[in-house]
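full-length UniProt numbering numbers the first residue of the sequence shown as 1 and each following residue consecutively. Every residue, glycine too, gets a C-beta built ideally from N, C-alpha and C. Below is one structure, written out as structure tokens; the observations come after it.
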Amino acid sequence: MRGKLLFLGGLAAGFVLGARAGREKYEELKATALKIKESPTVQEAAGVVQEQATRLYSEGKTMVTDKLANSRFAESDLGQRLMGSSETTTTPAIERDVLATTGPSKTTPSGGTSY
Numbered sequence: 001m002r003g004k005l006l007f008l009g010g011l012a013a014g015f016v017l018g019a020r021a022g023r024e025k026y027e028e029l030k031a032t033a034l035k036i037k038e039s040p041t042v043q044e045a046a047g048v049v050q051e052q053a054t055r056l057y058s059e060g061k062t063m064v065t066d067k068l069a070n071s072r073f074a075e076s077d078l079g080q081r082l083m084g085s086s087e088t089t090t091t092p093a094i095e096r097d098v099l100a101t102t103g104p105s106k107t108t109p110s111g112g113t114s115y
């Protein structure tokens, strides 16, 4: 019985000491990650990647819209609603859905997109 209690006491002490050491390491890693995230180099790279993604999205959207507009799909009711041909909508449904999930984009004075 004494051996079991000694074992459980050692286990509890090891758990407490390990938890403290683990928390310190976690805080150290968290601080390092925050420094990297706030680094001007990383921020600049993130801006470049975001601009490229926005450009690729716009090009892809234009390409798909053009292909759909020149197909029989555009003549269907669904195609007209998606393409924004209906008199009741001012923004195509595809664009409305994207705006609903991402919100309107903001442009910077330089003309680039800022999120």
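Sort the options by Cα distance to residue i and report the nearest one.
i          : options       : result
residue 63 : 2, 51, 83, 50 : 83
CB-CB under 7 Å to residue i, same chain, minus the five flanking residues each way: which ones, in chain order?
i          : result
residue 15 : none
Would residue i and residue j qualify as a contact pair, given that the criterion is a beta-carbon distance under 8 Å?
i          : j          : result
residue 79 : residue 68 : yes
Taking only three categories from DSSP, how would you classify residue i?
i          : result
residue 58 : helix
residue 1  : coil
residue 27 : helix
residue 84 : coil
residue 38 : coil
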